[in-house]
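*Asks:* The following block contains the structure, expressed as structure tokens.
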Amino acid sequence: AQTVTQSQPEMSVQEAETVTLSCTYDTSESDYYLFWYKQPPSRQMILVIRQEAYKQQNATENRFSVNFQKAAKSFSLKISDSQLGDAAMYFCALEYGNKLVFGAGTILRVKS
Amino acid sequence: GEEVAQTPKHLVRGEGQKAKLYCAPIKGHSYVFWYQQVLKNEFKFLISFQNENVFDETGMPKERFSAKCLPNSPCSLEIQATKLEDSAVYFCASSQGRTGELFFGEGSRLTVL
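Written out as structure tokens, the structure reads:
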């Protein structure tokens, strides 16, 4: 079975600081995608970053980067220079077949 | 369209009533997905379509849930005889290919009283 675990229900970060959200997963597949989605109070699901499992290089999108450790099945999200607009629920997701399996989410609070 | 359009944004039904939700995927996207997000934020995959054909329906509670994607019509998710536990936000998403990025709609919140 494919599972995704986000062990941090809630995280806080000071504006302009860096925060890392953790995600571990389990899959028997060798080829898969991993995603981080952001869900603000508006509930719109916004793709933050994606990683193909066959790529060893960590994905980066502006202030967002991942630390992808395939052997450890770990996929953490680092947000640099945090902004008030980053406050949201963040979901880690694993794609296999054509389905997404989501973690339970981490609420990120940004303090000014 | 350029975005996944879901209607209605909010639907209230009494227990036992029928609920029907609609989704217009992004033009050119071949795959449509329905997910259910319950109050604890947990996402559950319901069903996916490749064009008008069911691709994967392993998540569907078949007794009361049904879904369609017909040509030239919005996709739909219908719940017969709603129950209190059906209260959730139902997200539709579409993608160009079988794998890769999903584009989500804003969701339809179903409240069953």
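Protein sequences, first through last, are from chains A and B. The number in my numbering is simply the position in the first sequence, starting from 1, with 7 added. The number in my numbering is simply the position in the second sequence, starting from 1, with 576 added. Glycine is no exception: its CB is placed at the ideal position from the N, C-alpha and C atoms.
1) Once you ignore the five residues that flank Glu-17 (chain A) on each side, which residues in its own chain have a CB closer than 6 Å to its CB?
2) Any Cβ of chain A within less than 9 Å of the Cβ of Glu-661 (chain B)?
3) So, helix, strand or coil for Leu-660 (chain B), using DSSP?
4) Does any residue of chain B bring its CB to less than 9 Å from the CB of Val-121 (chain A)?
5) With burial defined as no fewer than 16 other Cβ atoms inside 10 Å of the residue's Cβ, what is the status of Val-614 (chain B): buried or exposed?
6) Glu-682 (chain B) and Arg-116 (chain A) look like a contact to me (Cβ under 8 Å); what is the Cβ gap, rounded to whole Å?
7) Does DSSP put Asp-632 (chain B) in a helix, a strand or coil?
8) Run the CB neighbour count on Ala-79 (chain A), radius 10 Å, all protein chains shown included, and call it buried at 16 or more, exposed below.
9) Give me, in chain order, the residues of the same chain whose beta-carbon lies closer than 7 Å to that of Pro-647 (chain B); leave out the 5 immediate sequence neighbours on both sides.
10) Quick check on DSSP: helix, strand or coil for Asp-93 (chain A)?
11) Measuring only from the beta carbon, is Val-11 (chain A) closer than 8 Å to any heavy atom that is part of the ligand GDP?
12) Do we get a CB-CB distance below 9 Å when we pair Gly-635 (chain B) with the residues of chain A?
13) Following the continuous beta strand (DSSP E) through Asn-74 (chain A), name the residue where it begins and the one where it ends.
14) Indicate the three-state DSSP secondary structure (helix, strand or coil) for Gln-582 (chain B) in the structure shown.
*Replies:* So, to answer that:
1) Once the five neighbours on either side are set aside, the close Cβ partners of Glu-17 (chain A) are Ile-114.
2) For Glu-661 (chain B), no CB of chain A lies under 9 Å from its own CB, so it is not counted at the interface with that chain.
3) Residue state, collapsed to three classes: helix.
4) Because residue 121 (chain A) is not part of the residues shown, which for chain A are 8 to 119, the question remains open.
5) Exposed is the call here.
6) Wrong, their Cβ atoms sit about 23 Å apart, outside the cutoff.
7) Strand.
8) By the C-beta density criterion, Ala-79 (chain A) is exposed, having fewer than 16 other C-beta atoms within 10 angstroms.
9) Annotation for Pro-647 (chain B): Glu-628 place their beta carbon closer than 7 Å to its own, counting only its chain and skipping 5 residues before and after.
10) Residue state, collapsed to three classes: helix.
11) By its list of ligands, the structure shown contains no ligand whatsoever, and the ligand GDP lies outside what it can speak to.
12) Gly-635 (chain B) counts as touching chain A.
13) Unbroken beta strand (DSSP E) run through Asn-74 (chain A): 71 to 76.
14) It is a strand residue.
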